[in-house]
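First up is the structure itself, then whatever we jot down about it.
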Amino acid sequence: MEKVRQRCGYHFRIDVESTGSKGGLSLAWRWNVNIVLQSFSQHHIDVIVEENEGKKWRLTGFYRSPYTKDREEAWNILRRLCNLGNYPWLICGDFNEILYGFEKKGGLPREEKKMEEFRQVLADCQVKDLGYSGNWFTWERGNLPETNIQERLDRGVGNEEWRSLFPNYLMQHLPHSFSDHCPILISTEHNTRRHQGTSFKFEAWWVLEESFFDEVRRSWNTSTGDLLQKLAILKGNLSSWANQVRRSRKLKKETLTAKLVTLLEADRDDENLADIINTKIHLNLEIDKDESYWEQRARIDWLKLGDKNTSFFHKQATQRQKRNFIQKLHFEDGRETIENEEMKEIARSYFVKLFSSGIQSSTDRILSGIEACVSDEDNKNLKASFTEEEIWTALSEMGPTKALGEDGLPAIFYQKCWPIIGKEVMNYCLHQLNNEMDVSTINKTNIVLIPKVSCPSNISQFRPISLCNVLYKLIAKAISNRLRTVIHKCIDKAQSAFVPGRMITDNVLLAYEILHTLKNKKAGKKGYMAVKIDMSKAYDRVDWNFIEQVMKKMGFEKRWVDMILKCISTISYSVIVNGLASESFLPFRGLRQGDPLSPFLFLFCGEGLSSLMRLANAGNRIKGVKASRNGPTITHLLFADDCILFAEATDTGAISLKQILREYAMTTGQCVNLDKSTVFFSKNTPESEKTAVLQILTIRISNDIESTRALSQGGKEVFIKAVLQAIPTYSMSCFLLPKVLCNELEGIIAKFWWQKSRNKKGIHWCNWKKLCFLKEDGGLGFRNLANFNIALLAKQGWRLINYPDSLLAQSLKAKYYPNSNFFEARLGSIPSLTWRSVWSAKGLLAKGLCWRVGTGSKISIWNDLWISGKETDKIPNQANNVNIELVSDLIDATSRKWKSEVIRDTFASNIAEKIMQIPLSEIAHEDLEVWNGEPTGEFSVRSAYKLLQDSSQDPIDINLQTTIRDFYRKLWNLDIPKKIQITIWKFSWNLFPSLANLKIKRVVIEAICPRCRLAEEDGSHIFQQCPTTIEIWKQLKLNWVLTHSNLSMWEWLTWLFEKGCNEQIRLICCGLWFIWYSRNLFLYEKKQLSVTDIARKITSYISELDTSRVENKVPRSIDCFPQSHNRGTVTIHFDAAFDIQAHKSATGLLVHEEEGAILASKALIHHNIATSFTAEALAGLQATKLGVSMGLNRKKLVECKNRGEEEVEEQKGEERFENETEKQKKRKDGFISKREKGVERWKMKGTGEIQTFRF
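Numbering (my numbering), first residue to last: 1 to 1255.
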C-alpha cells in the first residue's frame, strides 16, 4: 500500500492490516485536508474530514465480509457508528449485498430477506443511496455467458446533511481491467456541472434591498427606446447593481454578526439596548434575503417566508438541484454521454423531431360532427377592445416567483415595480391585443426537463415544461380569460376538465358508476367494454391547422382565430440541459404546458374525438353504455388528455373504435399509447368476444378498474395542513373512505406532530379530536378526515342539485331517483361505491340549506328554514294564524316591503325583529334555495366542514363557552410568532412536559422544581409561584399578574387575557415563552440565566418585533389596482356605518370627476339592518343607483374606493352589484363615529364629512 500511496501522490495514510489473504483497508489523503481518526476495525475506518474551506464532515470506509457468520457483525457496526455524532456522513465501500433484485444479473436470485436487512440498516442509519453514472454493475465473475454473474456490491450512501453540503457531487463507476470490482470515484464538486452562462435571472431577494426600487426608477427614467429595449437596458443595470450588492452582503452579514456579539457582551444601558435591537433588525433583514433566495429555488408553495425557514428552503433547493441534474443521456444508437454539449444536442434533436408536423388527412368528416355554437353576440364580446383592468387581472393571478422564462423576469418584478413600469407595459400589451399582433420577439420559450424516474438516462424519461416570458403570458392570459366565458358552449359535456362550471371529479364519479354497472351486468346476450385510452405526448402533438379549422367551424371570427394562432405559431424553443441552453429551433405543431391558452386549445383538439364518437353513435357503428335503463347513453368520457370509450364488446365495436382512433390520430396529430391503454369488460361478455377484441385493439385487459384502495411546530402546523392533509383530498372528493383508514391516516399525522425528531417518538399529550377543533374553539384547526371527507362529498351532492343538466346528474337521477329529487332519493339495492359516497352527504346538505326570500310563494313559514338564527328548528305554528302559510303572505307585493303589523301580531317579538331585518329586493324574483353557511349562498367545503365540526361537539363542551372563544380568538390574533402562540396554546390545555405532567406519564419519579426546590413543578408553580418567575414579572412591571396566583393555569390565563390590554398580553405571552425557555436551558443544558437577563431578553424581543414591523417597508402582497383610468371617468366613493345596538346603518356617497370636482354627495339612514355585511351591500346598491340616476353609461366606471380598490361597472343602466357583495363583506367599517350630545356625526375616511343627522 505504501507504493500505491506514493504513486498516487498521497502524503498520509491509515491502514488496517489484512487477515491472511482476506480483508484489509487503507485510507490515504493529501496534505491540504485534515483527517481525525474516530475508530476502525476489520470492517471500517471512520474519520472526520476537515477541509480548508471550513467544511467538516464524516467519512466511513466500509467493507462487509461475504461470509454469513460476519454479516450481522458488520451491520451492527454501522448502527453503532450512526449514534456517534451528527456530522454530514458519507459511507462508501464494498457492502457485499444488493438492495433490490434488479441489481443482480445472472446466477441464482438473491434472497429477499437479505436485501431487506440491507435496506433496514440504511434506514436505521438515515442514509440513502447516492446513485451513480457509468456501468450498472460494480462486480463481475465468469467468462462464459452461462456462468457470468454481475452485481452492484459497491456503492456510496450518505445522509441528508451530506447531500446538502455537497449538492454537486457525482459518483462514477470507472472502467476496470485488474480486479473483479470496479473503482468508484466520488467527486464532491463535479467540475462538469452547471456552467450557467451569462443569462440574466431576476432574484426575488432584490425587492428586499432598500436601493432596488431607486435603481429601477433611475434606469427606467433615463433609458430610451420601446418597452423591450428599456427592459434590456434595465436588466443590464440590475445585473451590475446586484453584483455590487452581492459583494457587500456577505461582508455586511459578518459585520452585523460580529457587532451583535460585541454588543451582547457589553453592559446594558439605553444606548446599548437600542443598538442591539437595531443590529438584530438589520441582521434579520439579511437573513430574510437569504430565505427569499433559497425559497425561489426550492419551489415550495405551501411554506412562505417569515419564520426563518432558510435552512429548510436551502435543503429543498439543493435536493431539487440534485434531482433535476442530468448526469447522462443515451443517443438513439444506445451510446451514452455525460458531456453537456452532447446532451444538449440529444435533447434538441428529440424535440425538433417531436414538434415536426406529420401528414394530416382530410378533416371534412371530423368537422361535419362539430356544430356552430359561438353566436354573433359572443364574437362581439370577444372582439371588444381589451382594457387595462384585464391586463392587471392577468398579472395579479400569476404566482410571483414561478419559474423564470427566457427573459429572466418573473411576475414579482412586474407586480412590485408596476408603479414605475406599469404604464408602458400596459400600453405594449393593449397595443398587441387591440391591433395587429406580433409577439414573436417575446415568444421565446425555454424547455426544462423534469425527471419522471430516479436517475433517468433516456430523454423520454423526462417531463418537458415550457417556461414562457411573463410579458407573453400577460397577453395570453388576457385572451384565455375571455375565451373562458364561451368555452362551455363549445365543448361536449363528455369533457369535464378546464371548463368553468364543470369538475373533473364529475367524470370520475360517472366513470365509476358505469363501471359498476358493467361489473354487475350478468344478463343479456351482448357484453360491453370500457376502453381507457392514453395519448402519448398529447400536448406536444396537437396540429395547429386542425385547431384553426375547429375554431372556425364553431363560429369564431377569423380575427380572433388569427390572434390565437399567432400566440402558438410564433414560438421559438431552446432546451435547457443542466443550466445550458441549446440552439433555438422553430416548432410546427404542439402546445406548451405553461401557456395559459394551452388547456383551452387542447379542448378544441379533443372535440375531434367527441365529433367522431357522436357520428359513430348516430350511424349505429358505436352503441354507448347506460348507467340505467332510462339514463343517457354515454359513448365516451374525457379527462383532459385521457379518455374512456364505451362500446359493445364485439369485433364490430372494436373495429369501429380502432377506426375512430386512427382517424383521430391522422387529423389531429395525436398518438395512442397502447402500453398504457387498457380495456374492461362487463361480466356477461363471452371469452371468445374478449379474445377477439384484444386481438383487434392490441391492448391489455384490466381485471378490475373499479378498485377502491385508497391511497420549529409552527412549521409542522403549516406542513400538516398544506401537505399531509391535502394528499388524500382527491380520493375523498369521490369516495367515502372507511373510518378505519381515516383513523390510520390521522394516527400517522399525529405521530409526526408530537415526535421530537426523526425516529424519536414524542408524548401524545392529547387525542387527535382535540387538535381538530377549530382554533377559536381551543384546537389547532387540523382536519378531522372523516368529517372533511363528508364535506367534500357534499359538494358533489350540491352539484347534482344545481347542475341538473350535467351528464353525471342525468345518469344518477335516471338510476337512483327518477321520480323524485336528490333529498328524497334512496340508497337502492345494489348501489355503486360512488352513489353510496355521495348519498352519505345528503344529511349534511339538508342541514345546511335554507331559503333566500324573493316572492315568498315557495317558502312555508312553518316548515322551512328561512330566518337567520333559526337554522336548527322551525317556527312553532301559532293557532290563531291558520290562514298564514307562505312567506308571501307577509310581504306587500306592491311596495315590496314587509307587512309589519301582521308580523308583529303573528310572531314573538324576537322572531318578528329578525323577519323585519331580512332585506327584500325592490324587484321581485323567485325564491332561491341557498347554502346557509356562506353570505353568497354558494356551497363551500369550508363552511360545510365547520357545520359538521360544530354539530359533532358536545353542546356543553367547554369550548363552546363565550369566554373560551374570546380567549382563543385573542391568542391567534396576537401579533407574535407562531411558535409562541402554539406554546401558549399548550400551556392553556396543560399539554406541556412540566415535571408534574411527566410524573403522571411515569417518565420521571421526582417532580420537585429544579430551580427553587420548594414545591412540585406544575404549570402554576412555573409561571406564577416560583421565586425566579415572581422576580421576572416584577422586573417587567407586571406585578398585577400575580394578584391571583392561587388560580389554576387555565383560569389564570383567561383572567390575564380578559384584564390585560393587547400590548400587555403580547408581553405576557413572550414572557411565558422565555420563562419556559430559561427553565429548559437550566434543566437540560445546566445553563442558568439571571432574572435580569431573562427580563432584558423579553423586552428586547418585544421591541425587535415592534420595530421590525415598522422597518420592513417592502410589501409582500400585490398592491391594489393601479391608479390609471380612462379619461372622463367619474368616481363614486361609498361606505357604510353600522350601529349594532339600534340595527341601523348610514350610507355615505361622494361623486367626483377625474379632475377632482365634486358632482354630488348623499347620505341615507337604513332601518332594520341585521349585519355590517348588509350595511355595506346597501351602500354599494345606493352607489349604483346614484350612478344610474346621473346617467352614467357603460363606458364610465363607478369605482368603489375604500382601502381596496373594488370596482363596479355600469352596463346600460343595469344594477350590477351582486358580484361586489363578497368583497364588501371583507371590509371593516370605513366610517368614523363621533357622538356629541346625542348627535351622530358620520365621517367617511378620505372624503370629508358627508352629513350630520340625529338618531
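Glycine is no exception: its CB is placed at the ideal position from the N, C-alpha and C atoms.
At the level of alpha carbons, what is the spacing between residue i and residue j?
| i | j | result |
| --- | --- | --- |
| residue 66 | residue 96 | 6 Å |
| residue 25 | residue 129 | 22 Å |
| residue 556 | residue 740 | 53 Å |
| residue 1174 | residue 166 | 60 Å |
| residue 385 | residue 376 | 16 Å |
| residue 1009 | residue 743 | 38 Å |
| residue 145 | residue 105 | 11 Å |
| residue 61 | residue 460 | 37 Å |
| residue 313 | residue 162 | Because residue 313 carries a pLDDT of 41, less than 50, the predicted location of this residue cannot be relied on, and the following value inherits that uncertainty. Computed Cα separation, rounded: 16 Å. |
| residue 502 | residue 849 | 22 Å |
| residue 1011 | residue 781 | 36 Å |
| residue 569 | residue 587 | 8 Å |
| residue 925 | residue 857 | 10 Å |
| residue 1060 | residue 967 | 12 Å |
| residue 651 | residue 94 | 58 Å |
| residue 1035 | residue 1092 | 7 Å |
| residue 1068 | residue 1087 | 23 Å |
| residue 470 | residue 85 | 48 Å |
| residue 1053 | residue 639 | 54 Å |
| residue 1143 | residue 899 | 19 Å |
| residue 207 | residue 383 | 38 Å |
Can you tell which of the options has the C-alpha that lies nearest to the C-alpha of residue i?
| i | options | result |
| --- | --- | --- |
| residue 267 | 1192, 1190, 1105 and 1096 | 1096 |
| residue 205 | 157, 400, 1180 and 169 | 400 |
| residue 1043 | 1025, 1131 and 731 | 1025 |
| residue 215 | 421, 797 and 608 | 421 |
| residue 803 | 633, 235, 938 and 976 | 938 |
| residue 1032 | 1071, 967 and 1060 | 1071 |
| residue 54 | 39, 35 and 42 | 35 |
| residue 450 | 1021, 403, 110 and 465 | 465 |
| residue 776 | 866, 962 and 561 | 962 |
| residue 979 | 899, 1076 and 933 | 1076 |
| residue 683 | 561, 530, 818 and 1052 | 530 |
| residue 553 | 71, 363, 1066 and 1013 | 363 |
| residue 45 | 52, 33 and 59 | 59 |
| residue 771 | 137, 749 and 241 | 749 |
| residue 64 | 583, 118 and 701 | 118 |
| residue 242 | 213, 259 and 534 | 213 |
Roughly how far, in whole angstroms, is the beta-carbon of residue i from the beta-carbon of residue j, given that I think they are within contact range, below 8 Å?
| i | j | result |
| --- | --- | --- |
| residue 1018 | residue 994 | 6 Å |
| residue 585 | residue 352 | 5 Å |
| residue 360 | residue 507 | With a Cβ gap of about 29 Å, residue 360 and residue 507 do not count as contacting. |
| residue 468 | residue 441 | In fact, because the Cβ distance is near 13 Å, the residues do not count as touching under 8 Å. |
| residue 791 | residue 945 | 4 Å |
| residue 989 | residue 766 | 7 Å |
| residue 589 | residue 541 | 7 Å |
- Contiguous beta strand (DSSP E) assignments of at least 3 residues, all confined to the region 782-853: 849-852
- Using 8 Å as the Cβ pair cut-off and three pairs as the minimum, do the region 511-523 and the region 424-431 touch? no
- Where in the region 895-978 do unbroken runs of the alpha helix (DSSP H), each at least 4 residues long, occur, reported from the N-terminal end onward? 900-906, 909-916, 941-952 and 962-973
- Inter-stretch contact (C-beta, 8 Å, three-pair minimum) for the region 964-975 and the region 810-822: no
- Between the region 653-669 and the region 490-497, are three or more C-beta pairs nearer than 8 Å? Output reads no: the region 490-497 does not touch the region 653-669.
- Message: Under 8 Å, with one C-beta from each stretch per pair, do the region 556-569 and the region 681-697 reach the 3-pair mark?
- Response: no
- Query: Would you call the region 1172-1191 and the region 1146-1153 in contact, with 3 or more CB pairs under 8 Å?
  - Reply: yes
- Item | Stretch pair the region 410-418 + the region 386-399: three plus CB contacts closer than 8 Å | Touching, yes, given that three or more Cβ pairs across the two stretches are closer than 8 Å.
- List in chain order: all unbroken beta strand (DSSP E) runs of 3+ residues lying wholly within the region 216-258. none
- Which runs of the beta strand (DSSP E) spanning at least 3 residues fall entirely within the region 621-672, listed in chain order? As far as the region 621-672 is concerned, its whole beta strand (DSSP E) runs of at least 3 residues are 636-639 and 642-648.
- Would you check if there are 3 or more beta carbon pairs closer than 8 Å linking the region 570-582 to the region 620-633? no
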